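Chains as they are written, first to last, in this note's numbering: chain L, 1 to 305; chain E, 1 to 298; chain R, 1 to 434.
The block underneath contains the structure these notes are about, expressed in structure tokens.
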Amino acid sequence: MTAQTAGSPVPAAPVPSRAPGEGRARPARDSRRSLARIGTTLGASIGALIWISPLILLVISAVRPLSDFLSNGPVSWPQELTLANFPEAWEAGRFGTAYLNSAFLLLVKVPLGVFVASLLAYALSKLEMPFRNAILFTVVLGMTIPIYIAIVPLFTMLRGVGMTDSILGIIPPYVAFGLPLQVLILQAFFRRVPDELLEAARIDGAGDVRIFFRMVLPLSVPALVTVAILDGVATWNELFLALSLLSSEENQTIPLGLLNFQGQFATNYTGLAAGILIAVVPILVLYMLLQKYIVGGLTAGATKG
Amino acid sequence: MTTSTLRPPGRLRPSLLPLAFAAPALLLYLGFLVWPALQALWISLTDWDGLSDTQSFVGLANYRAMLDDPVVGIAAWNNVLWSLVTIALPMALGLLFAVVLNRKSRTSPILRTIFYAPAVLPLVSIASIWAWMYDPSDGAINTVLGAVGLSGFEQSWLGQDSTALWSVMVPAVWVRTGFPMLLYLAALQSIPDELYEAASVDGATRWQQFTRITFPSLRDTHYIVLALSLIESFKVFDLVYAMTYGGPGYSTQVMGTWMYANVFQYFEAGYGTAIAVVITIVAIAAGIPYVRSQVKSS
Amino acid sequence: MDATRHPDLSGHGSRRRFLTGALALPGAAALSSCASGIGTSSAATDGLTLLNYDDIDSATLLREQLAELETDTGVRTTLDTVPGSGAAQFPDKLRTRILGGNAPDLWQIWGGQIGQPFVDAGLTMDLAPYYESYVWEERLGAAGIDGMTFHGARHGAPLNVASLGAWCNARIFEEAGAAVPTTYDELEEANELILASGITPGGFGGKYGWHIMRLYEYLLEVTAGPELHDALLVGEESWDQQAVMESFDLFQAWNARGWITPGALGVAPPDAEQSFVQGTSAFTISGPWIESQYIVPSGKPREEFGTFLLPTGHEAVRHSGFVEGLMISSTSGAPDDAAAVIDHILQPEVQRELQNSQSAVLAAPPDPDEFPLSAQWTQIREESEIYTIQDQAFPKAVADSYFAVQSKVLQGNLSSAEAARDMQQIVKDWTDQR
């Protein structure tokens, strides 16, 4: 704003584009800059509004009665607002149980997976690991393997140890399928921890275990948080494996709870919308709180080349 | 083993210590990913129906049968289209959003959150939301088209061969743009401001700055995003399954859904698994250069 | 997870050994795992498990009934449901559970080609002794029992016999000046009148294929008549003939004239099925569940809606229908208890408690006060026979090929003659395989 007023004493006709002069060009360019800035912000805001519009639709659907939705269609202004869908959705989706299970996975599986991945990533990036490249290669290649190729053998295997239909039993395959990306990101990050730092610690008599816990992990918090958030979102939303492995209701997770809204012949859309919000809000809030770590983590990984 | 001399005695032998670190992850990985996948390889060589307790070894018959299956042709081509679009657009949009939002301003964090938000939604919700959007009679898209006088463009988006696949790609792009945006944002912040200041002094336009400084500086990020998207794109299954179920007819079948149909619905576990094996092999082949570059650079 | 357990991995020479081991073993493991694929069910000690696809409300009602049974007899049954799965996905879920050795003792399933694979794989029990001891033969409708009979043996007890007919918004019919049709031509006239009044006559959803199929199979029944229709479904008559082409012509015409939901192929069945309740279409083809699931919750007066048998113009006016029933796992540890559960569920008063408006139990017709429209079907069924709904006449793979033909016809990508030829090829490939 200030730049604009500074440039305006001359009631200038539209500033000629790309004025090559020196003295006069500065204020003109500043004013153009700030105009462009406002334009960009405006454009970005409109873009964001369009981008988010399906979610706005979702929120509107969640706060209107089903009858209103059915008689007026999805794209219409609600005749009546209600919060009744939320307790109803909470009940129908058995979100009480689902939340507990999903939270358990989030709190146990994610840290466990990230920890296990960081151990391997450390071995691959900072230790004299035999067949280092071959192992890294094999693990990272796992990213390409679709989960559904393994479902039937996985099922038989878990049955063998009596771990089908159990929240604990689903953890090992979840960890396994999460590993490749986590190891890839973490080992790239660990590699950027200066060797001199670790050598210095070693000379001071610190062992690898100590170095790992006392230096590498603390130095890598941004990367660990990044990986944990990505993994957390994936775990929170995973449907295919959960649908196949968890059959009884006391073991269902959030996405399975969402499925509960859909009857054999009917779909309770407003309840579904409310349920989606119930399911999504925690992860969205978590993301908003932690997003600076994500960007920070990825930045740190990218800078120290 | 060069560091072994530095180690105090009494600890694990140096060659074992890295293994101790690696073992938990490797065991889980081998046991719950590699092993089941290898078992699937075996199933693809049988005529197992996925249900009975009998099966016989049929060699490569399932693989040969794929050549005569017209749906495999449709699915493979759809996979190619899917990969092209759902890689290129999220990359381009992700970069655009990142460049626009890479400023210190009060709105940027909010906008960032908005653009990333779809990436955290559960699949069930994405499919439902977009089903409403595409509803031919009172969906948002046709309603809006009608309202702005473009009613000629109103379509049954998911209900005709010509638009169905493209329509499923839209939510895919919507969901997939967030992650590249984050990666680009991260990378952008690592480009030193001095570069731009110097260029600015030299009179370079914003566009010139973008093409000469920003874009080349992001080369590593382009590569990572490209590789990750490529790998991801081969796994396409859930959105197609939930939104069109492979239809109308077979027009939106992709390899993943066709595999699923055979294994879980047609009681052709052997044949379906063979399809899964082929997707996996192609995905691995496509992923190898990237993985190798990652391994090499270390 | 300590490192000492894996010293062999560190040896340089062992890598090859390890890899070959990994490659050589899965075969054996897969074989053994598949051989034991049909695992044993949970022991009777922790009770029985019943798997179905009820939504929350129906599941709650059923749980109450199962709890009652437990108080009376001590037979404990846990109900697991896969709500929202429907005939397209529920069989997959059941199959995965059976494979995982977690087979339910009882499960609900559709008849025809949907239940058949489970019977063929030897996963279900022949219920003949229970039919005898519980006199099910006399208490259950013949159509239902037929639907649960596979290769001549009773591999399930029917729970529902669903009759499909037109369910309509009577107000829209009235305002358009259309009468309930008694001939096919009158139905076409009604369509034109309704269309002229600005409303889409038929609400159909083509996603998954099975809903719009209800229109096509009706048209085929109109043009081919009962005998030919039945013969076509089992491949005894060629599809490549006049009557079939005519049916595809009609199918195409319904779309071209705007008698069905615009862009029907992309519409999900639940949206289409309820559109006549919302008033965006005049009717749909559906079954009695529509009354409890859409009409009652809409809160609109019941007089605004109606249901009728679709006219076919043949001496015997038949309608499409399907059967759902309960099967007992061949690995159940307590089949007698499981049969007792089925018998309890099939008690007329229990069926009424479950608010079943399409019960296979003869003594449990829909309550005319609660479900007046569904109750009409008790009457209709006395005069009209059922033909097998087409997606249960064909195995899923064949049905999907058939849906692809329908989809091409509707989009104008296939002429009726080509469609008839394609259908003949599809059905012939299937019958040859058998």
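Where is the CB? At the ideal position from N, CA and C, for every residue including glycine.
A quick note: this is a predicted structure, and the numbers were derived from the prediction, not measured.
Can you give the beta carbon distance from residue i to residue j, rounded, assuming they're within the 8 Å contact cut?
i, j, result
"residue 313(R)", "residue 272(R)", "About 25 Å separates the two Cβ atoms, so there is no contact after all."
"residue 33(E)", "residue 176(L)", "4 Å"
According to DSSP, simplified to helix, strand and coil, what is residue i?
i, result
"residue 35(R)", "Residue placement at residue 35(R) is flagged as unreliable, the pLDDT there being 34, under the threshold of 50; the coordinate-derived value follows with that caveat. Note: residue 35(R) maps to helix in three-state DSSP."
"residue 319(R)", "strand"
"residue 287(L)", "helix"
"residue 257(E)", "helix"
"residue 118(L)", "helix"
"residue 108(R)", "strand"
"residue 436(R)", "Since the first and last residues shown for chain R are 1 and 434, residue 436(R) lies out of range."
"residue 145(L)", "coil"
"residue 245(E)", "coil"
"residue 199(R)", "coil"
"residue 154(R)", "strand"
"residue 102(R)", "coil"
"residue 134(R)", "coil"
"residue 68(L)", "helix"
"residue 422(R)", "helix"
"residue 68(R)", "helix"
"residue 102(E)", "coil"
"residue 328(R)", "strand"
What do you get for residue i, buried or exposed, if any count of 16 or more other CB atoms within 10 angstroms of its CB means buried?
i, result
"residue 105(R)", "buried"
"residue 414(R)", "buried"
"residue 505(R)", "Only positions 1 to 434 of chain R appear in the structure, and residue 505(R) is not among them; the question remains open."
"residue 433(R)", "exposed"
"residue 92(L)", "buried"
"residue 58(R)", "buried"
"residue 281(E)", "exposed"
"residue 196(L)", "exposed"
State the Cα-Cα distance for the pair residue i and residue j, rounded to the nearest angstrom.
i, j, result
"residue 265(E)", "residue 117(R)", "10 Å"
"residue 378(R)", "residue 322(R)", "15 Å"
"residue 87(E)", "residue 211(L)", "40 Å"
"residue 89(L)", "residue 63(L)", "12 Å"
"residue 19(E)", "residue 179(E)", "33 Å"
"residue 90(E)", "residue 227(R)", "56 Å"
"residue 109(R)", "residue 99(R)", "17 Å"
"residue 28(E)", "residue 263(E)", "26 Å"
"residue 37(L)", "residue 100(E)", "10 Å"
"residue 216(E)", "residue 189(E)", "14 Å"
"residue 269(R)", "residue 229(R)", "25 Å"
"residue 63(E)", "residue 79(E)", "18 Å"
"residue 16(E)", "residue 288(E)", "28 Å"
"residue 122(R)", "residue 245(E)", "30 Å"
"residue 380(R)", "residue 309(R)", "7 Å"
"residue 137(E)", "residue 254(R)", "18 Å"
"residue 118(E)", "residue 207(L)", "44 Å"
"residue 187(E)", "residue 203(R)", "52 Å"
"residue 246(L)", "residue 89(R)", "15 Å"
Tell me whether residue i counts as near the ligand ADP, meaning its Cβ is closer than 6 Å to at least one heavy atom of that ligand.
i, result
"residue 185(E)", "Absent from the structure shown: the ligand ADP. Ligands present: none."
Give every residue of the same chain whose Cβ lies closer than 8 Å to the Cβ of residue i, excluding the five residues on either side of it in the sequence, and list them in chain order.
i, result
"residue 279(R)", "169, 171, 172, 199"
"residue 238(L)", "174, 253, 255"
Might you give, ordered along the chain, the residues of its own chain that have their beta carbon closer than 7 Å to the beta carbon of residue i, omitting 5 neighbours on each side?
i, result
"residue 177(R)", "193"
"residue 248(E)", "159, 160, 161, 164"
"residue 424(R)", "238, 239, 240"
"residue 47(E)", "55, 56, 58, 270"
"residue 122(L)", "190, 212, 216"
"residue 50(E)", "263, 267, 269"
Near residue i, which residues of its chain fall below 6 Å by C-beta distance, leaving aside the five closest residues on each side in sequence?
i, result
"residue 389(R)", "320, 322"
"residue 247(R)", "219, 220, 223"
"residue 153(E)", "145"
"residue 210(R)", "391"
"residue 399(R)", "391"
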